[in-house]
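Chains as they are written, first to last, in our numbering: chain A, 131 to 856; chain B, 141 to 317; chain C, 24 to 609.
Using N, Cα and C, we set each Cβ at its ideal position, and we do this for glycine too.
Note that the structure is predicted; figures quoted are calculated from it, not measured.
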Amino acid sequence: MATIAEQFEPLRARAEEALRERRTDEVIRIQVGSATCENAAGARKVYDEFRKHVAASARDDIVLHQTGCTGRCSREPIVGIFVPGKLPVKYEHVDRGMVHEIFTRHVLGGEPLWDKVLDGPIAQPAQYEILHCQSDRCGWQGEKPLADLLPERLHEAGAAAEAVRVTAASCFGACGKQDMGTCSHLLVRPDKILYRVHNEQELDEIIREHVLGGRVVKSLAVPGKTVGRKFFEIYGDVAFFNRQTRVALRHNGVIDPESIEEYFHYRGFEALRTVLQRNDPKWVIDEITKSKLRGRGGGGYPTGLKWKMGHEAKDPVKYLICNADEGDPGAFMDRSMLESDPLNVVEGMMIAAFTIGAKQGFFYVRAEYPMAIRRLENAIQQCHDWGVLGENILGSGFEFDLEIRLGAGAFVCGEETALIHSIEGERGQPRVRPPYPTEKGLWGHPTVINNVETFANVPAVINYGADWFSRLGTDGSGGTKVFALAGKVQHTGLVEVPMGTTLREIVEGIGGGTATGEAIKAVQTGGPAGGCIPAKWLDTPVDFDTLTRAGSIMGSGGMIVLDETDCMVDIAKFFMTFSEDESCGKCTPCREGTKRMLEILDRITQGQGVPEDLDKLERLGKLMKNASLCGLGRAAPNPVLSTLAHYRDEYLAHVNDKHCPACKCVALLRYEIIPEKCVGCTVCARNCPVTCISGERRQPHEIDQARCIKCGKCFEVCRFDAVARK
Amino acid sequence: MSTTTDNWQEVQSAARETLGEEIAALIDACREDPHPESRLIGVLHKVQETFGYLGEEQLDAVAQLLQVPAAKVSGVASFYHFFRLTPRGKYVIHICMGTACYVKGADRVAQKFMEELGISWGETSNDRIFTLEGSRCLGTCGLAPVVMIGDDVHGNVTADQVPVILDTYLKRARETQ
Amino acid sequence: MAKRKQVTLTIDGTQLTVPEGTTIMEAADSLGVFIPRLCYHPDLSLSGSCRVCIVEVKDFGHYLAACSVAVWEGMVVETNSPQIRQARRDIVELILDNHTKDCQTCERDTNCELQNLAYATGVRRRLFEGERKEFPIEASSHSVVRDPNKCILCGRCVRVCAEIQGVYNLSQHGRGFQTVVGPAHLANMDDSVCIQCGQCINVCPVAAFLERPETDAVWQALADPEKHVVVQTAPSIRAAIGEGFGMAPGTLATGQMITALRRLGFDAVFDTDYGADLTIIEEAHEFLARLKEGPLPMITSCSPGWISFMEKFYPELIPHASTCKSPMSMLSTLAKTYYAEQKGIDPKQVVMVAVMPCVAKKYEARRPEHAMPDGTPYTDAVLTTRETIWMMKCFGMRFTDLAEGQFDHPLGLASGAGDIFGTTGGVMEATLRAASELITGKPPARLDFTEVRAVEGLREAYVAIGKHNIHVGVANGLQNAKTLLDQVRDGTGQYHVIEVMACPGGCIGGGGQPYPPRGVKVLDPELLRKRASVLYQIDQGKELRKSYENPAISELYDTYLEAPGSPKAHKLLHTHYTARLPRGIR
């Protein structure tokens, strides 16, 4: 009988052969993102336009390559042009009109459009790019940080500023045990040489020899390929990613999500092969435990422990479920992973299934994600065709199959027992735990449920080692976390950073701070179950435990940046509206409590609040937190409780002074015309829908407050800033 | 034994006729599953895809053919917000009310749609052209605020654009009539 | 059976040891610590949704529902800390805040679980009041009125309907604050698969389900001098009516009941047991015919909930159902024929009121098969035990002090066999007494057939009668009945005769019986046993224990019906059934 390796290698060879036929290394590759978000931004049209151009050019050395979502939402659609031997160039906000220009000038003419590139414009292409480590744990001993020192030394050495680009990057994961804390690392591109530097002399040598002289400094170069470097090779050609550490998202925006061949090329199914070869579930449990991987769906339960319970459950029938019912309004990493790298998640599930002894697995996916569902169906079908799913996988005797079950729009189905009920065809309401699903789950059998992102990390843990993974994170939780950065921030999108990265690094470093220049007021994490963390705590390192201590939760990774124009009562009301709408209605505290809390919040924002309302909110919040049936009900008051704790004065302003400090709550607003600024142009009066603005031409106007409906039209149309919003 | 009092055949063929052979065949296949009742939600998705909504007649037929109590079928259908129990307009306007969109002013956009159409959440305009729906996060937060009409996604929508957007679809609806 | 592992835990400072798998609530109960509860019912699946029974468990981040969490070794439980008391109070207030505010005018005033809880948990001030749900009251059914505004979503009705009755007519619809309980599509009960058994009324802690009231019509008839108003009482009324007046469960109150009914103004008080005796005779003859010609098994037809269930869920079994009318309908028919003729009263002036433990009887009375040739029903009004108690209270009488009265003749004399109709296995036992003599031509060797009393819900037995070894099945609660019915439908069970009673324990557990006293759970097996024991006492205490020895019945046949199964008997005492839509989903 063929060994597992003997079965695996031909598959990989077959994949490589197929890729070779596509001559990916020799041709010019035009890469277009294709995911729900990319398509919404117009990627489909861009793709079709490129297709026409490629066909018209009759060139067989230009290929179109489809890939998933890069996570750079605010810049989509993104197009990458890969010319052999050149640094890749990526364009942002590409539309049909730009396609022609990119194709004729760059693809055919070899002249990139530097004013249109991602995060551009760039005046001129750099010859080299130096990425330096800027992680919190970097061991750089010099007085000046590398970010300041490098440009200085380059300048002194006479390197033209535009010829060398200096970029901060997150940890490369290249520090060994001996030199931890004594050195830092630089990655020089396009040569992909990783240097270990201990002092300024070594830095100078690299500048002199490599940057100016074009010779690799062998004595300082890190031999072999470190894990971190491998990841950078995969995704590191987008500057936005350099300050991230992409593990779960490592293939996103890189590989074609519909090609199992490409997945094989990026070490696909290697982890599965390793696991099947070892044939020892306990080893997998040990690895996952050592990696300190914790559930990414929100609870943060140690994955190794959950698998151990699943493994030890005594029942011949066990089930595995992937929770892809991403319900947090503002988080979309699961969708991105399923649309951009579905096979990675499938492989993670197969490893879990082998470990716990499940023959049947389910993807529970939101019906609102049709593309994710299509790509999953395709992935499962391909796995069957290639013999990595089904009976006797890779000749190991391991049998596993996957089925997709659709959700139908219920946030509560993210809760494990509710999800199980939904798969069983019931109303998705939770039941009392214990017993936990690992004892009694789907149809009464032991069931392990993990989130998409958790599974996405599993192959990386097996391939690159539990030690590496645990080192990436904090003492309590290993690895990285993907956040969906949104709100008042310059770069919205998906951001994956090591556990323990500070909020500031995520929001200001990667997110670029607020777009308007307004100060950040708070960061809301964890969606409707989370809380608001005030700006003064931006230096909090992010992991499950620190966020909980800060009165919020990690949740599934939604991260909304709020600025001074956001009213905290209004934000609390927004989330409570969501929770009230999504409450399943089973238990009293949540069903009735969310309603009453919402009524009180509504009163307050309408200017009808009374001081006792705040006590009532706290009392109801405490009740829900302690007495609700499921985790969602217990977390639902968090947005209110955390804003009450940190922004009580804002609540009091609404209640006592009938004033909304952020000028957000319409009922408490007041528009006034500043006579000194008003030139009497009559624009406001003409635009007022209720004609409550009066005044002679060229004379200061006035608003009749009794009739004003506070629509804000006058404020918007005034060109002289003469309308004040208070 | 006399079978004249058994109305099963009659009930069954009426149910098959209501749902059409494709869905009936799907349900037949579901009945082969070791847990047929667990296929209920999948079947309801199919029915909604075919009929545009889940009417009482269809739900009863599903109950009969899948042999799941009708009360349960209707309890399940009414629990999940994805399922519609009333017919919808030609174009369904999904206004994303996810956090990112809300922070960027989706509420003002929604308000404008309501004013223009004279309908509220979940309602359908009298001419049966538009149905207005609030949506959970559409996962396109980078384009906030986002409105999805039919299969088209409109990003960075402002209240001022609403009448123009509606006009486009009104014209399209008239042309295709 | 292997001995269960023992677990030691502490509740409110007291250490105790209980078998593994015991819930916190059961453990506390065993200590005499009463944890308030609402959605919990021992016979139904666990819900854990009302959260009234929350307790604090040391080192656990949140409160746990005592009803549904099993104890573990070393668990430390606090059932009554200040925090728990406040949380419980707040939960009960939240329930009240979304519940009709009409306690004083509510049917269940002073007999409402929510009212009791509000008092016990100390809701004295309302902190959180706001919007309340608003739904129309739904009164399409002849039997059950649904008031969703009072519903507190404990889900007991949904569970009893699905789990005990196997009907699954009710489900929660919508979700969150908009959740509402009702039949499919929230349609009218009349258009649903409801079988009118009324168990939803029984288990409802408030008044979200009630019987459709008929007291007004009865008051009106009683006040009409032109009318000859007669009343009949089912066997299980006498075993339960006393509970409504503070008498202990299991107290016999036949005499007071008769006197009270006379006081109300009824012109004659008849005993439905008379109808039962007649049913036995007719049914025994039908059985004899079926023994020869089939189809077998014969299934009893006294329980209108069951008949409704059969017509919707098992229409193919209709040929098996005995064609005999129920005792109530037989007696009503005779009252407007035989009795009216005897008395020389125009049948149109006779008003028949039936006091029943059952709300499905209200539906039975309205069935067209039970109407006189002119279309008016033989039974004009059906009152539940509860309605009757209320009328007596309203009339102002001290029930317990009343002198004991006697039933009126001729429709008031009954054998003990008629009495035991009110409990599970009673019809079977009575039938066996009669069939035994019919088949063998000799008096039965014994009168008690304890093997057919299906106290646990489902029983089968073989009873030797002459050369026949009669295979009998007895079931109460329709989920139990399904087991037997499926065997009949699939041809896997060769029964001769099956007794089906829709309600748990038979009529004594009917949907119209008094709400149990405080502290006693509805459908409590002990309560049902006490009520049943009263009926067996009557039977045991009577000289007359066999239906065919009832002289009043003999006289009826001799002077009026000619013989059991005669054409006239068929015309008056037998009925037929129809397959119905909506067809149930089984």
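>> Suppose contacts are defined by Cβ-Cβ distances below 8 Å. Is I235 of chain B in contact with S275 of chain B by that definition?
In response: Position 95 of the second sequence, counted from the first residue, corresponds to residue 235 of chain B. Position 135 of the second sequence, counted from the first residue, corresponds to residue 275 of chain B. Yes; because the gap between Cβ atoms is below 8 Å, this pair is in contact.
>> List, in chain order, every chain C residue whose beta-carbon is nearer than 9 Å to that of P209 of chain B.
In response: By 1-based counting over the second sequence, the position of residue 209 of chain B is 69. What P209 of chain B touches in chain C: A185, V190, Y191, N192, S194, A207, V216, G607, I608, R609.
> Which runs of the alpha helix (DSSP H) fall wholly inside the region 340 to 386 of chain C and span at least 4 residues, in chain order?
Replying inline: 350 to 357, 363 to 366
>> So if DSSP puts G611 of chain A in a beta bridge, which residue, or which two residues, is it bridged to?
In response: Start at 1 with the first residue of the first sequence, and residue 611 of chain A comes out as number 481. The sequence given here places Lys at residue 611 of chain A; Gly does not occur at that position. In the DSSP output, where bridge partners are listed per residue, K611 of chain A has A:V627.
> Using the C-alpha atoms, what's the distance from H494 of chain C back to L455 of chain C?
Replying inline: The residue you call residue 455 of chain C lines up with position 432 of the third sequence. The residue you call residue 494 of chain C lines up with position 471 of the third sequence. C-alpha separation (whole angstroms): 11 Å.
> For Y393 of chain A, is the beta carbon positioned less than 7 Å from some heavy atom of the ligand NAP?
Replying inline: Of ligands this structure carries none, so the ligand NAP is not represented either.
> Rounded to a whole number of angstroms, what is the C-alpha to C-alpha distance between L750 of chain A and G723 of chain A?
Replying inline: Sequence index remark: in the first sequence, residue 750 of chain A carries index 620 (1-based). Sequence index remark: in the first sequence, residue 723 of chain A carries index 593 (1-based). For L750 of chain A and G723 of chain A, the distance between alpha carbons rounds to 6 Å.
> What number of angstroms, rounded off, separates the C-alpha of A484 of chain C from the C-alpha of N503 of chain C?
Replying inline: To locate residue 484 of chain C, count along the third sequence from 1; it is residue 461. To locate residue 503 of chain C, count along the third sequence from 1; it is residue 480. Cα to Cα, A484 of chain C sits roughly 15 Å from N503 of chain C.
> What are the partner residues of A487 of chain C, as DSSP defines its beta bridges?
Replying inline: Translated into positions along the third sequence, residue 487 of chain C becomes position 464. In the DSSP output, where bridge partners are listed per residue, A487 of chain C has C:N492.
> Going along chain C, which residues have a C-beta under 7 Å from A203 of chain B?
Replying inline: Residue 203 of chain B sits at position 63 when you count from the first residue of the second sequence. Per Cβ cutoff of 7 Å: I608.
>> In this structure, how does DSSP classify R403 of chain A when only helix, strand and coil are distinguished?
In response: In the first sequence, counting from the first residue as 1, residue 403 of chain A sits at position 273. Residue state, collapsed to three classes: helix.
> Given E802 of chain A, which residues of its chain have a CB within under 6 Å of its CB, disregarding the five upstream and five downstream residues?
Replying inline: The residue given as residue 802 of chain A occupies position 672 in the first sequence. Same-chain partners within the cutoff: A854.
>> Judging by CA-CA distance, which residue of A:H789, A:T312, A:P320 is the nearest neighbour of G326 of chain A?
In response: Translated into the one-based positions of the first sequence, residue 326 of chain A becomes position 196. First, the amino acid is wrong: residue 326 of chain A is Arg here, not Gly. Among A:H789, A:T312, A:P320, the Cα nearest to that of R326 of chain A is on A:T312.
> How do the region 382 to 391 of chain C and the region 401 to 417 of chain C stand: do at least 3 beta-carbon pairs fall below 8 Å, yes or no?
Replying inline: yes
>> I need the boundaries of the alpha helix (DSSP H) containing Q738 of chain A, first residue and last residue.
In response: By 1-based counting over the first sequence, the position of residue 738 of chain A is 608. Careful: Q738 of chain A lies outside any alpha helix (DSSP H) and carries neither H nor E.
>> Going by C-alpha to C-alpha distance, which of C:C417, C:M524, C:L481, C:S164 sits closest to R389 of chain C?
In response: Numbered from its first residue, the third sequence carries residue 389 of chain C at position 366. Checked all of C:C417, C:M524, C:L481, C:S164; the closest Cα to R389 of chain C is C:S164.
> Can you tell me the Cα-Cα spacing of T298 of chain B and P285 of chain B, whole angstroms?
Replying inline: Start at 1 with the first residue of the second sequence, and residue 298 of chain B comes out as number 158. Start at 1 with the first residue of the second sequence, and residue 285 of chain B comes out as number 145. One alpha carbon belongs to T298 of chain B, the other to P285 of chain B, and they sit about 8 Å apart.
>> Measuring only the C-alpha atoms, how far is S142 of chain B from P342 of chain C?
In response: Taking the second sequence and counting its residues from 1, the one referred to as residue 142 of chain B is at position 2. Taking the third sequence and counting its residues from 1, the one referred to as residue 342 of chain C is at position 319. Note that S142 of chain B has pLDDT 44, beneath the 50 cutoff, so the model's placement of it is unreliable and the number below is only indicative. Distance between the alpha carbons of S142 of chain B and P342 of chain C: 8 Å.
> Considering only residues of the same chain and omitting the five flanking positions on each side of K274 of chain A, which have a CB-CB separation below 8 Å?
Replying inline: Within the first sequence, numbered from 1, the residue matching residue 274 of chain A stands at position 144. Contacts found: E282.
>> Which of the three DSSP states is assigned to C128 of chain C in this structure?
In response: Along the third sequence, read from residue 1 onward, the residue named residue 128 of chain C stands at position 105. For the sequence presented, residue 128 of chain C should be read as Thr rather than Cys. Helix, per DSSP.
>> Using a 10 Å radius around the Cβ and a threshold of 16 neighbouring Cβ atoms, would you call S53 of chain C buried or exposed?
In response: For the purposes of this step, residue 53 of chain C is identified with residue 30 of the third sequence, where counting begins at 1. S53 of chain C should be labelled exposed.
>> Quick check on P140 of chain A: buried or exposed, where buried means 16 or more other Cβ atoms within 10 Å of its Cβ?
In response: For the purposes of this step, residue 140 of chain A is taken as residue 10 along the first sequence, with counting starting at 1. That one is exposed.
> Count the other CB atoms within 10 Å of the CB of Q331 of chain A; is the residue buried (16 or more) or exposed (fewer)?
Replying inline: The sequence position of residue 331 of chain A within the first sequence is 201, counting from 1. Q331 of chain A should be labelled exposed.
> Taking a cut of 8 Å between CB atoms, which residues from the region 141 to 168 of chain A lie near chain B?
Replying inline: T166, C167
> What is the residue span of the beta strand (DSSP E) that A143 of chain A lies within?
Replying inline: Here residue 143 of chain A is taken as the residue at index 13 of the first sequence, counted from 1. Segment 134 to 151 is the alpha helix (DSSP H) holding A143 of chain A; no beta strand (DSSP E) there.
>> Cutting at 6 Å between CB atoms, please list the residues of its own chain near H519 of chain C, excluding the five before and the five after it.
In response: Counting from one through the third sequence, the residue named residue 519 of chain C turns up at place 496. Result list for H519 of chain C: L319, P320, I493, H494, in chain order.
>> When you compare the CB of S91 of chain C with every CB in chain A, is at least one pair closer than 8 Å?
In response: On the third sequence, position 68 is the one that residue 91 of chain C refers to. Interface residue, yes.
> Given that A590 of chain A touches chain C, what residues does it touch there, using C-beta distances under 7 Å?
Replying inline: Numbered from its first residue, the first sequence carries residue 590 of chain A at position 460. Correct list: empty, because the minimum Cβ distance to chain C is about 32 Å.
>> Short of 7 Å Cβ to Cβ, which residues in the region 556 to 590 of chain A face chain B?
In response: E556, R557, G558, W573
> Just checking my contact of L233 of chain C with Y297 of chain C at CB under 8 Å: how many whole Å lie between their CB atoms?
Replying inline: As a first step, residue 233 of chain C is located in the third sequence; it is residue number 210 there, counting from the start. As a first step, residue 297 of chain C is located in the third sequence; it is residue number 274 there, counting from the start. Not confirmed; about 30 Å, so no contact.
> In or out: D300 of chain C buried (at least 16 other Cβ within 10 Å) or exposed?
Replying inline: For the purposes of this step, residue 300 of chain C is identified with residue 277 of the third sequence, where counting begins at 1. D300 of chain C comes out buried.
> CB-CB under 6 Å to T858 of chain A, same chain, minus the five flanking residues each way: which ones, in chain order?
Replying inline: Since the first and last residues shown for chain A are 131 and 856, residue 858 of chain A lies out of range.
>> Between L199 of chain B and chain C, is the shortest Cβ-Cβ distance under 8 Å, so that the two count as touching?
In response: Numbered from its first residue, the second sequence carries residue 199 of chain B at position 59. Yes - at least one Cβ of chain C is within 8 Å of the one on L199 of chain B.
> Since L406 of chain A and F484 of chain A are thought to touch, with beta carbons under 8 Å apart, how far apart are those beta carbons, to the nearest angstrom?
Replying inline: By 1-based counting over the first sequence, the position of residue 406 of chain A is 276. By 1-based counting over the first sequence, the position of residue 484 of chain A is 354. Between F484 of chain A and L406 of chain A the Cβ distance is about 7 Å, and since that is below 8 Å, they are a contact.
> Would a C-beta distance cut-off of 8 Å place I534 of chain A and I451 of chain A closer than the cut-off?
Replying inline: Along the first sequence, one-based indexing puts residue 534 of chain A at 404. Along the first sequence, one-based indexing puts residue 451 of chain A at 321. Contact flag unset, no.
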